[in-house]
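Undergrad: Once you've had a glance at the structure underneath, I'll fire off some questions.
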Amino acid sequence: MLYDAHSHAKEKDFKKYKNIPVIVNGLDPESNKEVLKFSEKYENVFAAIGFHPTRFSEYLEKEIYAEFEEIKNKKNKIVAVGEVGLDYKYSSKTERPVHKKYFSEILKLAKQINKPVIIHCRQAEGVVAKMLKNYNGKAVIHSYTGNPELIEDIKSKFYFSINTFIFKYPEVKKLVEIVPLSRILTETDFPYITDNPKTSIKKVIREIARIKKFSPEDVEEQIEKNFKRCFNQL
Ligand SMILES: [Zn+2]
303 MLYDAHSHAK
313 EKDFKKYKNI
323 PVIVNGLDPE
333 SNKEVLKFSE
343 KYENVFAAIG
353 FHPTRFSEYL
363 EKEIYAEFEE
373 IKNKKNKIVA
383 VGEVGLDYKY
393 SSKTERPVHK
403 KYFSEILKLA
413 KQINKPVIIH
423 CRQAEGVVAK
433 MLKNYNGKAV
443 IHSYTGNPEL
453 IEDIKSKFYF
463 SINTFIFKYP
473 EVKKLVEIVP
483 LSRILTETDF
493 PYITDNPKTS
503 IKKVIREIAR
513 IKKFSPEDVE
523 EQIEKNFKRC
533 FNQL
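Spelled out as structure tokens, the structure:
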């Protein structure tokens, strides 16, 4: 069975997700509501709600903290807290310490409600790796394209979800080489980098199999186990 650990699919896209368990991620209060509604309707759609770092600047601090509360209140309806993280490409130097504070609050919150966090990190890989070094909750680092050396200390402790960027960035191939297969998940980041979940997950599995020198069938089976271990409820 194919699994998608990171998607932004909406209800209108559901046809593309037949027989594919998918974790749909919210980005802000509005999309979090949509994600919850979508996941309640379909058995194979699972909700992750969070606050994307590129969305912070459009909200007041009190609105952001109110949404953090909302995440706690919805803990029984979600399988993870996401999408969250740090994005230094789209934040100014003055915003960064504030975003870091929000992210560390989110990590605490996720640990408190016992859910994995789904992390976006862009041009902030070193900072995220440092923050996670002593984190004892669960985490999925999604679409990592940074220097693989930065995650050396955390590569066996957290999950890494791999999408078709594996064909675009040599760093992703290197990442797959060094991360244990028991820590690898598949994802699409639909609709941003693919509009065909099934085909792209299959292609990614074949590439992981090639790099890890296993059969695609064995990789698919191991990834299924990883999903079940990572997101308890699936
Ligand atoms: Zn995303």
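At position 131 of the sequence shown (counting the first as 1) the number is 433 in our numbering, and the numbers step up by one without a gap. Yeah, the Cβ is synthetic: ideal placement off N, Cα and C, and Gly gets one too.
(1) Are the Cβ atoms of Val442 and Ser463 separated by less than 7 Å?
(2) In angstroms with no decimal places, state the Cα-to-Cα distance between Gly428 and Phe460.
(3) From which residue to which residue does the alpha helix (DSSP H) around Ser359 run?
(4) From this set, Thr488, Pro355, Asn321, which residue's C-alpha is nearest Ser406's C-alpha?
(5) Could you check which residue in Lys376, Ile322, Tyr404 has the C-alpha nearest to that of Tyr361?
(6) From Leu434, Lys457, Val474, Asp455, pick the residue whose C-alpha is nearest to that of Gly448; which is it?
(7) Label Lys568 either buried or exposed according to how many other C-beta atoms from any shown protein chain fall within 10 Å of its C-beta, with 16 as the threshold for buried.
(8) In chain order, what are the residue ranges of uninterrupted alpha helix (DSSP H) at least 4 long that sit wholly in the stretch 352-425?
(9) Taking 7 Å as the CB-CB cut-off, is Tyr446 touching chain B?
(10) Could you check whether the Cβ of Glu385 sits closer than 6 Å to any heavy atom belonging to ligand 1?
(11) With 16 other CB atoms within 10 Å as the buried threshold, where does Lys374 fall?
(12) Taking only three categories from DSSP, how would you classify Asn498?
(13) Below 8 Å on the Cβ atoms is my contact criterion, and I expect Ile322 with Leu304 to pass it. Report the Cβ-Cβ distance as a whole number of Å.
(14) Hey, which unbroken runs of the beta strand (DSSP E) at 3 residues or more fall wholly within the stretch 416-496?
(15) Answer yes or no: the CB of Asp306 versus the heavy atoms of ligand 1, is any distance below 6 Å?
(16) With a 10 Å radius around its C-beta and 16 neighbouring C-beta atoms as the bar for buried, classify Thr396 as buried or exposed.
TA: The answer reads as follows:
(1) yes
(2) 15 Å
(3) For Ser359, there is no enclosing alpha helix (DSSP H), as DSSP marks it with neither H nor E.
(4) Pro355
(5) Minimum Cα-Cα distance from Tyr361 among the listed residues Lys376, Ile322, Tyr404 corresponds to Tyr404.
(6) Val474
(7) Residue 568 lies beyond the residue range present for the chain, which begins at 303 and ends at 536; the question has no answer from this structure.
(8) 363-375, 398-414
(9) Given the protein chain composition of this structure (a single chain), no chain B is represented.
(10) yes
(11) exposed
(12) coil
(13) About 5 Å separates the beta carbons of Ile322 and Leu304, which is inside the 8 Å limit, making them a contact pair.
(14) 419-424, 441-444, 461-464, 486-488
(15) no
(16) With fewer than 16 other Cβ atoms within 10 Å, it is exposed.
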